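**Student:** This is the structure I have questions about; it appears just below.
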Amino acid sequence: MGITETWLKSYITDAQLQVKNYSVFRSDRDLRNNGGALLYVHSSYIVSDYKSFGDKFCNCVILRIEELNCVTATVYRPPDCPVASFRYILEQIQLFIDSRPEENQELYVTGDFNLPNIDWKILTADSSLGKRGTESATLLLDFMSKNLLSQIINQPTRGNNTIDLVLTNRVQYVCETQSTETSLSDHNLVSVVLGYDARRNENYYHNVKEAEDFTYFSLNLHKADLDAMMMNRKLIDINIIQKKEKT
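Each step along the sequence shown adds one to the number in the numbering used here, with nothing skipped, and position 86 is 195.
Right, dumping it as structure tokens:
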């Protein structure tokens with residue numbers, strides 16, 4: 110669970126932020142008011158590596174859960190952020206990702222990026238935020254391209270703008286996204302439901318969410334016996350299935 114604009118200072122202890130069954134990882138902005146980023150991780154996961162960094166503008170906390178081969182980061186980029194500060198944050202995230210270049214590494218980068226000038230349908234940035242905003246948006250789009258990331262939040266998260274983002278290279282795992290108004294913030298609460306049990310634990314009982322719009326991307330293909338499927342001579346004609354779905 111990622112939180113931005115935590116407004117925390119170093120004199121506030123982790124014990125004061127304790128949530129039952131969760132560990133806290135944070136990046137505070139001591140040189141300036143407001144800002145900050147934080148990740149809560151369920152105690153059933155073992156965090157094998159963790160870093161936090163920032164300056165008086167940006168904050169980021171990033172960690173790796175080795176048993177899931179997963180890297181997760183939460184970023185806060187303020188509206189007045191210089192390009193150099195945002196570039197530094199993205200470079201640090203890239204260094205963390207590249208430090209363990211395993212194949213099939215799952216990546217989730219979330220946070221408040223304050224870049225409403227990006228059109229996520231065509232992946233371009235307009236000049237409405239001036240040169241600084243355009244350059245920062247281009248940096249983010251380049252970072253996404255390098256890591257094969259997609260932005261999966263397609264609803265407004267503050268006013269009419271989509272500025273709270275979730276970037277991932279595992280779009281096929283995403284079953285549902287929501288952006289819900291909350292009295293706790295002027296930003297919406299953004300949530301993502303994955304279509305599989307992230308813990309991959311055979312003994313863990315997982316209630317599968319009933320989805321009205323059940324799609325291919327919500328299927329759990331990890332346990333599929335592909336060899337048996339290939340040996341089966343009674344092959345399924347996918348074209349026939351598609352025709353039936355349309356009718």
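Even glycine gets a Cβ: it sits at the ideal position worked out from N, Cα and C.
Computed from a predicted model, the values in this text were never measured in an experiment.
Do you know offhand how far V150's Cα is from Y131's?
**Tutor:** In the sequence shown, the residue the question calls residue 150 occupies position 41. In the sequence shown, the residue the question calls residue 131 occupies position 22. V150 and Y131: Cα-Cα distance of roughly 5 Å.
**Student:** So R209 and R173 are supposed to be a Cβ contact under 8 Å. How far apart are they, rounded?
**Tutor:** Looking up residue 209 in the sequence shown gives position 100. Looking up residue 173 in the sequence shown gives position 64. Indeed, because the Cβ distance is near 7 Å, the residues count as touching under 8 Å.
**Student:** Between the beta-carbon of I261 and the beta-carbon of D273, is there less than 9 Å?
**Tutor:** Walking along the sequence shown from the start, residue 261 turns up at place 152. Walking along the sequence shown from the start, residue 273 turns up at place 164. Not closer than 9 Å, so no.
**Student:** According to the Cβ coordinates, are Y384 and D221 closer than 9 Å?
**Tutor:** The structure shown does not extend to residue 384, since the chain spans only 110 to 356, so no value can be given for it.
**Student:** Can you give the Cα-Cα distance for N178 and E211, rounded to whole angstroms?
**Tutor:** Counted from its first residue, the sequence shown places residue 178 at position 69. Counted from its first residue, the sequence shown places residue 211 at position 102. Their Cα atoms are separated by approximately 8 Å.
**Student:** Counting Cβ pairs closer than 8 Å, one from the region 230-237 and one from the region 245-260, do we hit at least three?
**Tutor:** In short, these stretches touch, since the Cβ pair count reaches three.
**Student:** Do you know whose CA, among I155, E175, D158, G144, lies nearest N223's CA?
**Tutor:** Here residue 223 refers to the residue found at position 114 when the sequence shown is read from its first residue. With distances taken between Cα atoms, N223 lies closest to G144.
**Student:** For Y282, does the three-state DSSP call read helix, strand or coil?
**Tutor:** On the sequence shown, residue 282 is found 173 positions in, with the first residue counted as 1. Helix at Y282.
**Student:** Looking at the secondary structure, which residues open and close the beta strand (DSSP E) in which A240 lies?
**Tutor:** Residue numbering aside, residue 240 sits at position 131 when the sequence shown is read from its first letter. Per the sequence shown, residue 240 should be read as Lys rather than Ala. First-last for K240: 239-255, but that is the alpha helix (DSSP H), not the beta strand (DSSP E).
**Student:** Judging by CA-CA distance, which residue of N226, P191, F162, V192 is the nearest neighbour of F205?
**Tutor:** Taking the sequence shown and counting its residues from 1, the one referred to as residue 205 is at position 96. Cα-wise, what sits closest to F205 is F162.
**Student:** Which value, in whole angstroms, describes the spacing of the CA atoms of I121 and V133?
**Tutor:** What you label residue 121 is simply residue 12 of the sequence shown in a count that begins at 1. What you label residue 133 is simply residue 24 of the sequence shown in a count that begins at 1. Distance between the alpha carbons of I121 and V133: 12 Å.
**Student:** Classify G239: buried if its beta carbon has 16 or more other beta carbons within 10 angstroms, exposed otherwise.
**Tutor:** What you label residue 239 is simply residue 130 of the sequence shown in a count that begins at 1. Exposed, because fewer than 16 other Cβ atoms sit within 10 Å of the Cβ of G239.
**Student:** At the level of alpha carbons, what is the spacing between N226 and D189?
**Tutor:** In the sequence shown, residue 226 corresponds to position 117, counting from 1. In the sequence shown, residue 189 corresponds to position 80, counting from 1. Cα to Cα, N226 sits roughly 14 Å from D189.
**Student:** With DSSP collapsed to three states, give me the class of E200.
**Tutor:** Here residue 200 corresponds to residue number 91 of the sequence shown, with the count starting at 1. In the structure shown, E200 sits in a helix (DSSP, three-state: H, G or I).
**Student:** Cα separation between D158 and A193?
**Tutor:** For the purposes of this step, residue 158 is taken as the residue at position 49 of the sequence shown. For the purposes of this step, residue 193 is taken as the residue at position 84 of the sequence shown. Answer to the nearest angstrom: the Cα atoms are 26 Å apart.
**Student:** Looking at the unbroken beta strand (DSSP E) that takes in G268, where does it start and where does it end?
**Tutor:** As a first step, residue 268 is located in the sequence shown; it is residue number 159 there, counting from the start. First-last for G268: undefined, no H or E at that position.
**Student:** Put I174 into one of helix, strand or coil per three-state DSSP.
**Tutor:** Translated into the one-based positions of the sequence shown, residue 174 becomes position 65. It is a strand residue.
**Student:** Buried or exposed: which applies to N297, given that a residue is buried once 16 or more other Cβ atoms fall within 10 Å of its Cβ?
**Tutor:** Indexing the sequence shown from 1 puts residue 297 at position 188. So N297 ends up on the buried side.
**Student:** State yes or no: is the C-beta of V128 within less than 9 Å of the C-beta of Y217?
**Tutor:** Start at 1 with the first residue of the sequence shown, and residue 128 comes out as number 19. Start at 1 with the first residue of the sequence shown, and residue 217 comes out as number 108. Taking 9 Å as the Cβ cut-off, V128 and Y217 do not qualify as a contacting pair.
**Student:** When every heavy atom of the ligand HEM is checked, does at least one fall within less than 8 Å of the C-beta of Y282?
**Tutor:** With respect to small molecules bound, the structure shown includes none, and the ligand HEM cannot be examined in it.
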